[in-house]
Structures are given as C-alpha cells and as structure tokens.
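A.B. asks: Mind looking over this structure? Questions follow.
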Amino acid sequence: MGSARNTFESTGHPSALIIDTSRSRRTGGMERYSIYQNKENRPFAPIFGQTNGRIQMQRVRNLIFGAVFLGFSGMMPLVQAKGYEVWVSDQANTQGITAETPTGTHGGAVRIYDSEDLERTPPVDNPVILDVTADLFPAADTATGAHVARIHGILPSPDHKYMALNFVVSGHLGIVDGESKSPVCLFRATGTSTGRQNHMSFWAPDGKRVIVANQNGRMLERVDVVHNSQGEVTGFDFNAAASLDLVGGVGRITDQPVAVDLNPEDGIVCTVSGMVADGQPTTTPTGALKEAEGIRPLNSVICPIAASTGQHVFATLGGGGMFVIDMSATPMRIVAEYDMNVVRAAGCGGVEAAGFMHLNTGTPGPNISEFSLYRFTIDYPSAPAFNAANTPAPVAVWADADNGKVAGADIPAGSNRDAHGLVLVSNPPAETAYYLHQMDRIRNNVEVFGISSSGNHQVFDHAGSYSLTTTNVCGSTVGTTKSNDPTPDLGDLSLVGQTKGSRIYVALRGPFPLTVSHAADGSCPGLGIISLSPNLTSGTLTHVLPTTVLDAEKSKNLSDPHAAIVRVKAE
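Each residue of the sequence shown is one higher than the last, beginning at 3 in my numbering.
Here's what the structure looks like:
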C-alpha cells in the first residue's frame with residue numbers, strides 16, 4: 003500500500019484523515035489498510051458534508067439488544083435481506099495519540115465487516131473502518147462540549163435502517179444511517195451530580211423509542227422516534243421531560259441534554275424537547291428509597307432491556323436490584339422494583355423468549371465470581387399502577403455454585419466467573435424452541451440453556467458448556483505476554499445468509515481494556531467467529547479477525563472491541 007501507516011499523527015486538526023480511494027481495498031482479496039493515516043497532510047472534510055465522501059467505501063453496498071448481542075430480541079427484522087454486515091465497536095482512543103498522551107485522548111473505531119467476506123472460506127479480513135471522531139462526529143466537542151469517547155456498543159433499529167452508537171465516557175448517543183454510513187444525529191445525555199454517560203441505548207421493538215442508560219448519571223432517558231403517515235422516520239427527539247432520575251432529590255440536574263442535527267438536508271430533524279426536571283422523588287411508588295444501602299446501593303443503570311410489548315423496560319443496576327419501568331409514560335415511571343437480595347449486581351444481558359424476559363448478572367468487582375440467570379414474566383402494570391416490592395418473583399433463577407467467592411482466596415486465582423452478554427439461538431422445529439448462549443468473559447467459556455415452547459419454565463434447563471480455547475485460534479498481540487485468552491464480550495447471531503442461525507459473531511477484548519478491566523483483559527482483540535454445532539448446544543471458536551490500534555511507541559495494541567452486532571442489509 004505504499005505510504006499507508008498504521009499509526010496516528012498529530013497535525014493540529016482534530017482528525018486529519020485522508021483515505022486513498024484510488025486503490026481498491028479488495029485488490030488481492032486480503033489487501034487492506036488502516037484509515038488511521040495522514041497522506042500529504044491534506045485537510046479532512048466531514049463525511050456528512052459529502053454525497054459519498056472521501057470515504058467512498060467501495061464495499062459500502064449497501065429485538066432488542068441483539069438477537070444475541072445482549073440478547074435483545076431474537077426477532078428477524080422485517081426486511082428482505084440481501085446479506086448482512088457485522089459492526090464492531092472498538093473502544094480504543096484513536097485521536098490524540100502522542101508522546102505526551104501515548105494511549106490517546108478520545109475517539110474510537112467502528113469496524114464494518116461484510117457478509118460477502120465473512121462467509122468465504124476462510125473468512126476475508128477486509129473491514130471498512132470508521133473513526134468515530136474523524137469520520138462521523140468531528141464537531142462533537144464544539145457542538146456538545148465534549149469529544150465522543152469510548153464507543154461501547156452499537157444497536158440497529160428494528161428495521162436495521164439506523165444504528166445507535168453509544169459512548170460510555172462522553173455520554174453521547176449517535177444515530178447513523180446504516181446503509182450510507184452517514185451520521186444523522188448526535189445527542190448528549192443529561193449531566194447530573196453523579197456524572198453523565200451513555201452506557202448503552204436500546205430501541206423499543208416497535209422502533210418508536212430509544213431508551214438511554216445514563217449510567218453514572220443514574221438516570222433512564224428517552225429519545226422519541228418521529229414518523230410520518232407513511233411510516234418514514236422524520237425526526238429523533240430527546241424527550242427531556244421523560245427522563246427518570248433513579249436517585250432523586252434537589253440539585254441533581256447539572257446540565258440539560260443536547261441535540262445536534264448533522265444533516266439538515268436529509269429531512270430528519272434532531273431535537274431536544276422539554277426540560278429534565280430536578281428534584282424528582284427520592285422514593286419509589288411503594289415508598290421505599292430508590293437508592294439505599296442494603297436495598298439498591300448504587301443505581302447506575304446498566305442495560306435497560308425492552309419487552310416486546312413496547313411498554314416496559316427491565317433496567318438492571320450496578321449495585322444490584324432492578325426496576326421495571328413504563329417507558330411509554332412521560333416522565334417514565336417505575337411500576338415494579340427489586341432489591342439486591344433478589345437481583346444481584348451488574349447485569350448486562352437480556353433477551354425475551356417464549357413469553358419471558360431472561361436477564362443475567364456478572365462480576366461487580368475484582369476477583370469476585372458472579373454468574374446468574376433470571377427468568378421474569380413480562381406481565382407488568384401500566385403506570386401509574388405499580389406492584390409491591392419484589393413482586394412478582396423471578397420465575398426461575400440459575401446461580402453458579404461459585405457465586406460470591408473470591409478468586410485467590412476461596413477459589414483458585416483467575417477462576418472466578420463473569421456472565422456478560424447473552425445470545426439467543428432459535429430452534430423452531432423442536433420442543434426446545436430456543437437456546438441461550440451465555441458468555442463468561444473470565445473463564446472463556448459459554449454456558450447453554452434450553453428454553454422450551456411449552457414445558458416447565460420454573461427451572462433453567464442447562465443444555466451444555468463449551469470452551470473458546472480448544473482451537474487455539476486466539477493467539478497473542480503486541481504488548482501482552484498472554485496467549486489463547488479470547489475474553490468474549492457482546493456478540494450476535496448470523497441472521498441471514500449461508501450461515502443463518504449457525505454462527506455467533508463476538509467481540510474479543512484486548513490486553514489493555516478500557517472498561518471493566520478486572521474481567522476483560524484478553525490476548526487477541528478482534529472479531530471472533532463461533533461456529534455452532536448442528537444441535538445448537540455447543541460451539542467452536544473457528545476464526546479471529548484481529549484488530550489493531552497502536553500506542554505512540556508502537557509497543558502496545560490498544561484495540562479493545564466491546565461489541566459485535568449484525569445489521570441486515572435490505573434489498
């Protein structure tokens with residue numbers, strides 16, 4: 003590739019990025035380059051100001067936190083598919099990498115793999131790479147008061163037309179057109195006395211709302227999706243009046259949310275309506291404190307999983323406990339509450355199947371083992387009605403025998419557990435209609451649970467386990483002494499194509515993790531491909547497509563993929 007360089011340069015511009023589109027990235031099949039390069043120091047033009055842009059992307063041809071991703075849905079999108087893409091969020095900083103700040107200051111990457119490449123034998127490693135600052139949101143700092151930082155996850159709208167990009171450090175939510183890869187909107191969540199984040203956002207199954215987990219802000223927020231009479235999206239409105247403070251009290255709100263319309267010519271408006279109310283109640287409808295020691299000690303909202311009804315979200319909390327919230331109410335309202343003795347801490351994975359919501363909980367801190375699954379009804383009241391505390395109880399709970407044990411003290415060092423992410427695999431012809439594949443980031447294995455269409459739902463049917471280390475396809479990378487330590491995070495199921503329903507794509511963490519470092523340091527950052535067994539109860543890590551972001555000294559691979567999600571391409 004001649005002058006291609008796989009490092010970043012400081013040019014005085016927030017992102018002086020040049021991509022040479024005169025060379026086909028498909029030449030020779032495996033030839034590719036990093037877009038993190040500066041050629042001749044020519045000025046960068048934002049992608050949203052061009053029809054196809056400098057990033058012409060020769061390859062850009064075109065429920066609920068992922069049928070597998072967090073296990074958000076499992077429903078096939080209502081589109082005629084011509085293939086799919088896998089979008090991977092790489093949390094590593096891609097901007098400001100200098101001798102003074104060797105690991106960078108902000109940015110991140112979205113790597114987009116096409117099914118035409120992935121389904122070859124062997125898979126072709128040829129992604130389109132978008133820098134979230136340079137290519138998508140270069141004006142974020144000026145327009146919202148902060149650069150976008152730490153892209154944690156990506157989720158498609160139910161029709162897979164739009165992608166929601168979530169930035170956990172800076173608190174941004176970006177909306178991107180899935181086909182053109184052009185940015186549409188940029189929002190920044192509410193600032194509170196405890197912080198301002200967007201850990202993850204989730205689309206309602208009907209596509210009418212995006213629910214935002216303002217994690218350190220300890221708020222649940224909502225973006226309303228506006229449609230015209232033909233059902234076309236005409237706007238995204240951050241409904242500030244809908245925001246629900248999960249702590250409450252006076253002086254909590256420090257900054258109102260922000261909206262930026264990135265393309266005024268596209269017929270889609272991006273707005274904020276109303277104001278986030280300060281002084282919201284400190285108690286739930288039952289009269290209990292929202293946040294209190296021994297009840298719900300830390301209400302950092304982690305993953306609000308939406309039910310198929312389009313009315314309720316199941317919001318897991320960092321310190322344990324959970325709220326079921328009527329997301330259709332304005333402001334959103336709690337209709338059921340669970341304390342830390344019923345739902346343990348740090349759950350991030352949920353999927354509805356067979357008429358029940360399935361959620362997990364993982365390790366809340368260094369060396370602590372936690373691997374639990376919960377099954378809940380989806381039958382909850384509409385606000386202002388509400389249930390008594392801890393009712394209805396979980397229909398079923400699966401708790402690992404080592405829960406609560408400390409690695410290095412109660413169990414061998416490095417042998418604690420961490421359930422994170424959840425993949426739903428459909429098996430419609432059989433009585434066991436679904437299988438849940440639950441990743442363990444620490445032990446590098448997957449526990450599989452069967453869900454029957456009509457059987458006993460009061461127990462979890464443990465259908466098997468499999469390791470992601472048996473094939474040794476996960477090697478090592480620059481800066482780590484470890485090998486064969488995949489560290490699976492969030493993944494998704496192949497929804498269409500030759501591998502429909504038989505392959506899981508999963509993000510594999512890097513050796514210098516930027517989030518949850520106590521559970522997520524791996525040796526082979528990249529996109530992992532898990533091939534499922536014919537009976538869907540086992541799998542094998544068959545390929546790793548490596549990702550790289552080098553530090554200033556080129557001695558560390560900073561790449562830290564956190565999520566892989568499938569976007570179906572429409573005919």
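Backbone N, C-alpha and C define an ideal beta-carbon position, used for all residues, glycine too.
Taking the DSSP output, what are the residues bridged to Asp574?
C.D. replies: In the structure displayed, the chain extends from 3 to 573; residue 574 sits before or after that span and is not available.
A.B. asks: CB-CB under 8 angstroms to Val626, same chain, minus the five flanking residues each way: which ones, in chain order?
C.D. replies: Nothing about residue 626 can be reported from this structure: the residues present for the chain run from 3 to 573 only.
A.B. asks: In the DSSP assignment, find the alpha helix (DSSP H) that holds Thr2 and state where it starts and stops.
C.D. replies: The chain is shown from 3 up to 573; residue 2 falls before or after that span and cannot be answered.
A.B. asks: Helix, strand or coil for Val134, going by three-state DSSP, please let me know.
C.D. replies: By 1-based counting over the sequence shown, the position of residue 134 is 132. Helix at Val134.
A.B. asks: Check Asp280 in the structure and name its three-state DSSP category.
C.D. replies: Position 278 of the sequence shown holds residue 280. Reduced to three states, the DSSP call for Asp280 is coil.
A.B. asks: Just to confirm, is the Cβ distance from Ile506 to Val425 under 9 angstroms?
C.D. replies: Reading the sequence shown from its first residue, position 504 is the one you call residue 506. Reading the sequence shown from its first residue, position 423 is the one you call residue 425. In contact: Ile506 and Val425 (Cβ atoms closer than 9 angstroms).
A.B. asks: Tell me whether Leu246 sits in a helix, a strand or coil according to DSSP, three-state version.
C.D. replies: Indexing the sequence shown from 1 puts residue 246 at position 244. Of the three classes helix, strand and coil, the one that applies to Leu246 here is strand, per DSSP.
A.B. asks: Measure the C-alpha to C-alpha separation of Arg211 and Ser203 and round it to an integer number of angstroms.
C.D. replies: Residue numbering aside, residue 211 sits at position 209 when the sequence shown is read from its first letter. Residue numbering aside, residue 203 sits at position 201 when the sequence shown is read from its first letter. Using only the alpha carbons, I get a separation of about 10 angstroms.
A.B. asks: Would you decide whether Thr29 is buried or exposed? Buried here means 16 or more other CB atoms lie within 10 Å of its CB.
C.D. replies: As a first step, residue 29 must be located in the sequence shown, where it is residue number 27. Summary for Thr29: the model assigns pLDDT 29, below 50, so the residue's position carries little reliability; its value from the coordinates is reported in the next sentence. That one is exposed.
A.B. asks: If you run the structure through DSSP and keep just helix, strand and coil, what is Asp463?
C.D. replies: Position 461 of the sequence shown holds residue 463. In the structure shown, Asp463 falls within a strand segment according to DSSP collapsed to helix, strand and coil.
A.B. asks: Which first and last residues belong to the alpha helix (DSSP H) in which Glu223 is found?
C.D. replies: By 1-based counting over the sequence shown, the position of residue 223 is 221. Run containing Glu223: none in the alpha helix (DSSP H); it sits in the beta strand (DSSP E), 221 to 229.
A.B. asks: Whole angstroms are fine: how far does the CA of Pro124 sit from the CA of Asp341?
C.D. replies: In the sequence shown, residue 341 corresponds to position 339, counting from 1. In the sequence shown, residue 124 corresponds to position 122, counting from 1. Taking the straight line from one Cα to the other gives about 48 angstroms.
A.B. asks: Taking 8 angstroms as the threshold, find out whether the region 457 to 464 comes into contact with the region 386 to 393 through three or more Cβ pairs.
C.D. replies: no
A.B. asks: Can you have a look at Pro431 and say buried or exposed, based on whether 16 or more other CB atoms are within 10 angstroms of its CB?
C.D. replies: Against the sequence shown, residue 431 aligns to sequence position 429. Using a 10 angstroms sphere on the CB of Pro431, the tally of other CB atoms stays under 16, which defines it as exposed.
A.B. asks: From Asn216 to Val278, what does the alpha carbon distance come to, in whole angstroms?
C.D. replies: For the purposes of this step, residue 216 is taken as the residue at position 214 of the sequence shown. For the purposes of this step, residue 278 is taken as the residue at position 276 of the sequence shown. Near 13 angstroms, if we compare the C-alpha coordinates of Val278 and Asn216.
A.B. asks: Grab the span of the beta strand (DSSP E) containing Leu120 for me, first residue to last.
C.D. replies: Within the sequence shown, residue 120 is the residue found at index 118, counting from 1. Where Leu120 is concerned, there is no enclosing beta strand (DSSP E), although the alpha helix (DSSP H) it sits in stretches over 117 to 120.
A.B. asks: Report the three-state DSSP secondary structure of Thr105 (helix, strand or coil).
C.D. replies: Position 103 of the sequence shown, counted from the first residue, corresponds to residue 105. Of the three classes helix, strand and coil, the one that applies to Thr105 here is coil, per DSSP.
A.B. asks: Alpha carbon to alpha carbon, how far is Trp400 from Phe378? Give it in angstroms, no decimals.
C.D. replies: Taking the first residue of the sequence shown as 1, we reach residue 378 at position 376. Taking the first residue of the sequence shown as 1, we reach residue 400 at position 398. Taking the straight line from one Cα to the other gives about 12 angstroms.
A.B. asks: Quick check on DSSP: helix, strand or coil for Pro366?
C.D. replies: Locating residue 366 in the sequence shown gives position 364, where the first residue counts as 1. If DSSP states are grouped into helix, strand and coil, Pro366 belongs with coil.
A.B. asks: Given 8 angstroms as the limit, is there contact between the region 314 to 324 and the region 358 to 365, that is, 3 or more CB pairs closer than that?
C.D. replies: yes
A.B. asks: Among the candidates Ser231, Arg443, Ala421, Ser371, whose CA atom is the shortest distance from the CA of Ala409?
C.D. replies: Here residue 409 refers to the residue found at position 407 of the sequence shown. Closest option to Ala409, Cα to Cα, is Ser371.
A.B. asks: Helix, strand or coil, according to DSSP, for Gly387 in the structure here?
C.D. replies: Numbered from 1 along the sequence shown, position 385 holds the residue referred to as residue 387. Checking the sequence, you will find Ala at residue 387 rather than Gly. Residue state, collapsed to three classes: coil.
A.B. asks: Between which two residues does the beta strand (DSSP E) holding Tyr437 run?
C.D. replies: Start at 1 with the first residue of the sequence shown, and residue 437 comes out as number 435. According to the DSSP assignment, Tyr437 belongs to the beta strand (DSSP E) that extends over 434 to 442.
A.B. asks: Would you mind working out which of Ala421, Ser454, Gly423 sits nearest Tyr437, comparing C-alpha positions?
C.D. replies: By 1-based counting over the sequence shown, the position of residue 437 is 435. When only C-alpha atoms are compared, the closest one is Ser454.
A.B. asks: Use the C-beta contact count for Arg419: other C-beta atoms within 10 angstroms, 16 or more gives buried, fewer gives exposed.
C.D. replies: Position 417 of the sequence shown holds residue 419. Buried, because 16 or more other Cβ atoms sit within 10 Å of the Cβ of Arg419.
A.B. asks: Of all the options Pro536, Pro396, Met324, Asn343, which has the alpha carbon lying nearest to the alpha carbon of Val337?
C.D. replies: Taking the first residue of the sequence shown as 1, we reach residue 337 at position 335. Measuring from the Cα of Val337, the nearest candidate turns out to be Met324.
A.B. asks: Would you kindly report the start and end of the unbroken beta strand (DSSP E) that includes Asn216?
C.D. replies: Within the sequence shown, the letter at position 214 stands for residue 216. Where Asn216 is concerned, the enclosing beta strand (DSSP E) stretches over 211 to 216.
A.B. asks: To the nearest angstrom, report how far apart Thr472 and Gly541 are at their CA atoms.
C.D. replies: Taking the sequence shown and counting its residues from 1, one reaches residue 472 at position 470. Taking the sequence shown and counting its residues from 1, one reaches residue 541 at position 539. Rounded to the nearest angstrom, the two C-alpha atoms are 10 angstroms apart.
A.B. asks: With a threshold of 6 angstroms on Cβ separation, who are the neighbours of Thr286 within its own chain once the five nearest residues in sequence on each side are excluded?
C.D. replies: The sequence position of residue 286 within the sequence shown is 284, counting from 1. Within the same chain, Thr286 has close Cβ partners Lys292, Ile336, Glu339.
A.B. asks: Check Asp92 in the structure and name its three-state DSSP category.
C.D. replies: The count along the sequence shown starts at 1 and reaches residue 92 at position 90. Looking at Asp92 - three-state DSSP - the assignment turns out to be strand.
A.B. asks: Can you give me the C-alpha to C-alpha distance between Lys571 and Glu181, rounded to a whole angstrom?
C.D. replies: Mapped onto the sequence shown, residue 571 falls at position 569. Mapped onto the sequence shown, residue 181 falls at position 179. Rounded to whole angstroms, Lys571 to Glu181 spans 7 angstroms at the Cα level.
A.B. asks: In three-state terms, what does DSSP make of Asn168?
C.D. replies: In the sequence shown, the residue the question calls residue 168 occupies position 166. In the structure shown, Asn168 sits in a strand (DSSP, three-state: E or B).
A.B. asks: Taking the alpha carbon of Ile444 as the reference point, which residue from Thr332, Asp523, Val260 has its own alpha carbon closest?
C.D. replies: Counting from one through the sequence shown, the residue named residue 444 turns up at place 442. Here the closest residue by C-alpha is Asp523.
A.B. asks: Would DSSP call Gln258 helix, strand or coil?
C.D. replies: The residue given as residue 258 occupies position 256 in the sequence shown. Reduced to three states, the DSSP call for Gln258 is coil.
A.B. asks: For Gly250 and Thr256, I'd like the C-alpha separation in whole angstroms.
C.D. replies: Numbered from its first residue, the sequence shown carries residue 250 at position 248. Numbered from its first residue, the sequence shown carries residue 256 at position 254. The alpha-carbon atoms of Gly250 and Thr256 are separated by roughly 13 angstroms.
A.B. asks: Return helix, strand or coil for Pro490, following the three-state DSSP convention.
C.D. replies: Residue mapping note: residue 490 aligns to position 488 of the sequence shown, counting from 1. If DSSP states are grouped into helix, strand and coil, Pro490 belongs with the strands.
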